[in-house]
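Reviewing the structure listed below.
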Amino acid sequence: MRVAGRALGGRSGRSSGGTAGDRGHVPFSVVPNANEDKSSEEKSSEDRPSALSQVQHRAVSELLRVSPVADDLARRFRIAGFSLSLVGGSVRDALLGRLGNDLDFTTDARPQDVLKIVRPWADAVWEVGIAFGTVGCHKNGHVDGTDQTFQIEITTFRSESYDRTSRKPEVAYGDSIEEDLVRRDFTVNAMAVSLPEKTFIDPHGGLRDLAERVLRTPGTPEASFSDDPLRMMRAARFAAQLDFEVAPEVVTAMKAMAERIDIVSAERVRDELNKLVLSAHPRKGLTLLVETGLADRVLPELPALRLERDEHHRHKDVYEHTLIVLEQAMALEEDGPDLTLRLAALLHDIGKPRTRRFEKDGRVSFHHHEVVGAKMTKKRLTALKYSNDMVKDVSRLVELHLRFHGYGTGDWTDSAVRRYVRDAGPLLSLLHKLTRSDCTTRNRRKAAALSRAYDGLEERIAQLQEQEELDAIRPDLDGNEIMKILDIAPGPVVGGAYTFLLEMRLEHGPLGHDRAVEALLEWWRGRREESAEKSQGS
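Numbering-wise, the numbering used here comes out as the position in the sequence shown, counting from 1, plus 18.
Okay, structure coming up:
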């Protein structure tokens with residue numbers, strides 16, 4: 019690894035040194051300015067930690083790790099007469115010390131040439147993105163003493179733009195790495211490392227912005243967002259994922275151009291929203307969406323939670339409460355980020371603006387906001403093209419998030435426990451987390467009481483599960499047995515009998531076959547007697 023003087027960005031952060039002909043191209047270095055005398059300005063900054071030095075050390079370590087695969091691929095491109103560079107998020111993540119096995123490359127080779135190079139080399143190749151100049155493949159390699167699989171995407175130098183009415187990018191291939199980098203969304207994603215020599219290319223000062231943890235666009239943000247309005251969503255997403263600040267001029271452009279997001283397909287908006295919600299700092303990204311007006315276009319239910327509070331503050335700030343619930347739900351996750359739980363936390367109170375009432379006694383009520391909110395959730399998630407299962411599960415959690423409070427503070431009966439478990443079904447563990455997260459009161463005594471009450475419910479569920487099957491509560495007799503015992507054909511009566519037996523099961527627990535038959539026959543006699551009385555009365 020060579021050491022260079024002005025490596026990885028100069029003092030200005032907007033250029034990487036070099037002549038006019040090779041501006042922004044420098045050998046990859048471990049420590050900046052290691053081999054040259056420092057100016058007085060540079061000496062004055064020696065007392066503070068060098069963020070650039072830290073990111074460079076991390077990057078070198080990460081790039082060395084993937085070199086066996088990346089360099090081998092680059093040599094094959096060079097033999098074929100083409101260049102290859104690691105680019106975009108892969109370079110950014112290498113500098114952040116978190117480069118995984120998903121690698122993004124860019125090349126001057128056209129897609130058909132890329133296919134000719136990678137097919138003999140890769141273990142699998144796919145062409146789903148070839149219309150946009152992208153060839154994907156995966157490659158098994160021995161790295162760090164272990165066998166690993168690398169997911170690789172190779173994209174031809176290109177530029178994308180949107181016209182004023184189209185939802186699809188127009189793709190044109192470019193001829194230089196600089197042309198490719200200037201079309202990228204943010205400077206921290208507009209860096210490249212040419213391979214195999216590992217020359218760092220940073221014409222827009224991305225390294226400096228990375229060190230300062232700020233998101234800027236390579237050109238003007240207005241031009242960038244006009245070309246691809248989805249970049250406004252990406253600004254919020256990267257702010258949430260990386261915990262970066264967004265440059266003021268970028269925020270200004272987002273506010274001015276928010277309506278441009280309307281031309282982007284719901285699927286692409288949904289995918290960006292998912293990444294934001296699943297990030298480490300979703301509050302940051304969601305706040306940016308709300309403050310710039312983007313949320314009004316893609317998730318209007320969220321800014322609508324900023325209700326005007328009455329002068330006595332008799333109800334919570336619903337918007338702030340929602341963000342706290344989301345963060346508290348995240349703290350309860352056990353197996354990584356859970357999109358269903360996080361969406362439910364984000365949307366659980368969206369029915370409140372439509373149900374708010376100021377009562378005569380001065381209180382504020384939101385009666386049935388969970389029912390209204392569930393319907394609103396279904397409508398919004400459907401519009402954003404979520405899967406049917408996701409729509410159903412999130413809507414159900416929103417509908418059930420107050421069910422616990424409906425039972426009061428007394429002891430839970432067996433029947434109440436069974437109904438709670440039955441209604442939650444496979445979402446029970448998520449409902450536990452959502453309900454606990456929904457407690458944001460600052461009254462410690464009240465919070466402790468609610469926590470104890472829910473502890474009691476979970477204990478009752480565990481106790482009852484030891485005694486009977488709760489995961490799939492069913493009547494003691496199925497439909498076929500009901501028809502045989504009552505000597506009836508399929509029809510509404512069978513459904514009525516099944517519902518009766520299910521209620522018996524919920525109320526009394528497992529009846530056993532004989533007791534269930536006895537109860538069914540008694541129900542049937544009563545039904546027939548009632549029918550006979552009606553016939554006589556008519």
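Where is the CB? At the ideal position from N, CA and C, for every residue including glycine.
Every value quoted in this text rests on a predicted model; they were computed, and no experiment measured them.
Handout entry: Rounded Cβ spacing between I172 and T125 (contact assumed at less than 8 Å)
Key = Numbered from its first residue, the sequence shown carries residue 172 at position 154. Numbered from its first residue, the sequence shown carries residue 125 at position 107. Contact holds; Cβ gap of about 6 Å.
Problem - Cβ shell of S413 (< 6 Å), same chain only, five flanking positions each side left out - result: Looking up residue 413 in the sequence shown gives position 395. These residues qualify, in order along the chain: A392, T395 and K396.
Handout entry: Through-space distance from Q485 to L113, alpha-carbon basis
Key = Here residue 113 is taken as the residue at index 95 of the sequence shown, counted from 1. Here residue 485 is taken as the residue at index 467 of the sequence shown, counted from 1. C-alpha separation (whole angstroms): 56 Å.
Problem - Alpha-carbon to alpha-carbon, V232 and G39 - result: As a first step, residue 39 is located in the sequence shown; it is residue number 21 there, counting from the start. As a first step, residue 232 is located in the sequence shown; it is residue number 214 there, counting from the start. Because G39 sits at a pLDDT of 35, beneath the cut-off of 50, its placement in the model cannot be relied upon, and the point is left open.
Exercise for the section: Run the CB neighbour count on H366, radius 10 Å, all protein chains shown included, and call it buried at 16 or more, exposed below. Expected result: Here residue 366 is taken as the residue at index 348 of the sequence shown, counted from 1. Result: buried.
Exercise for the section: Taking only runs that begin and end inside the region 483-537, name each unbroken alpha helix (DSSP H) of 4 or more residues, in chain order. Expected result: 497-504 and 510-526
Handout entry: Length of the line joining the Cα atoms of A229 and R176
Key = As a working mapping, residue 229 is identified with position 211 in the sequence shown. As a working mapping, residue 176 is identified with position 158 in the sequence shown. Near 27 Å, if we compare the C-alpha coordinates of R176 and A229.
Problem - H450 - containing alpha helix (DSSP H), residue span - result: Within the sequence shown, the letter at position 432 stands for residue 450. H450 -> alpha helix (DSSP H) spans L446 to S455.
Problem - Cβ-Cβ distance between A208 and P236 below 7 Å - result: Locating residue 208 in the sequence shown gives position 190, where the first residue counts as 1. Locating residue 236 in the sequence shown gives position 218, where the first residue counts as 1. Cβ distance < 7 Å, so A208 and P236 count as in contact.
Problem - D120 versus L91 - alpha carbon distance - result: Reading the sequence shown from its first residue, position 102 is the one you call residue 120. Reading the sequence shown from its first residue, position 73 is the one you call residue 91. Answer to the nearest angstrom: the Cα atoms are 14 Å apart.
Exercise for the section: Go ahead and label T310 buried or exposed: buried means 16 or more other beta carbons lie within 10 angstroms of its beta carbon, across all protein chains shown. Expected result: Locating residue 310 in the sequence shown gives position 292, counting from the first residue. It counts as buried.
Handout entry: Identified DSSP bridge partners for L233
Key = Along the sequence shown, read from residue 1 onward, the residue named residue 233 stands at position 215. DSSP, once it has assigned bridges, lists V264 as partnering L233.
Practice task
Whole angstroms is fine: what's the gap from D289's alpha carbon to S103's?
Solution key: Along the sequence shown, one-based indexing puts residue 289 at 271. Along the sequence shown, one-based indexing puts residue 103 at 85. Going from the Cα of D289 to the Cα of S103 covers about 27 Å.
Exercise for the section: Express the C-alpha separation of R460 and H330 in angstroms, rounding to a whole number. Expected result: By one-based count along the sequence shown, residue 330 stands at place 312. By one-based count along the sequence shown, residue 460 stands at place 442. Its pLDDT being 46, under 50, H330 is placed unreliably in this model, and the value from its coordinates should be taken loosely. Each residue's alpha carbon lies about 17 Å from the other.
Problem - Start and end residues, alpha helix (DSSP H) containing E196 - result: For this step, residue 196 is matched to residue 178 along the sequence shown. Note, E196: alpha helix (DSSP H), I195 to V200.
Problem - R137, buried or exposed, once every other Cβ within 10 Å from all chains shown has been counted against 16 - result: By one-based count along the sequence shown, residue 137 stands at place 119. Exposed: under 16 other Cβ atoms inside 10 Å.
Exercise for the section: Could you check what DSSP says for G303 in three-state terms: helix, strand or coil? Expected result: Taking the first residue of the sequence shown as 1, we reach residue 303 at position 285. DSSP places G303 in helix when its eight states are reduced to three.
Exercise for the section: Indicate the three-state DSSP secondary structure (helix, strand or coil) for K216 in the structure shown. Expected result: Taking the sequence shown and counting its residues from 1, one reaches residue 216 at position 198. Three-state result, K216: coil.
Practice task
Measuring alpha carbon to alpha carbon, tell me which of P214, E215, F204 and L213 ends up nearest P221.
Solution key: As a first step, residue 221 is located in the sequence shown; it is residue number 203 there, counting from the start. Of the listed residues, the one whose Cα sits closest to P221 is F204.
Problem - Limits of the beta strand (DSSP E) - the one that D557 falls within - result: The chain is shown from 19 up to 556; residue 557 falls before or after that span and cannot be answered.
Problem - Residues near V287 by beta carbon distance below 8 Å, same chain, minus five either side - result: Here residue 287 corresponds to residue number 269 of the sequence shown, with the count starting at 1. Excluding positions up to five away in sequence, the list reads L248, M251, I279, V316 and L402.
Problem - DSSP-derived helix/strand/coil call for H387 - result: The count along the sequence shown starts at 1 and reaches residue 387 at position 369. Three-state DSSP puts H387 in a helix.
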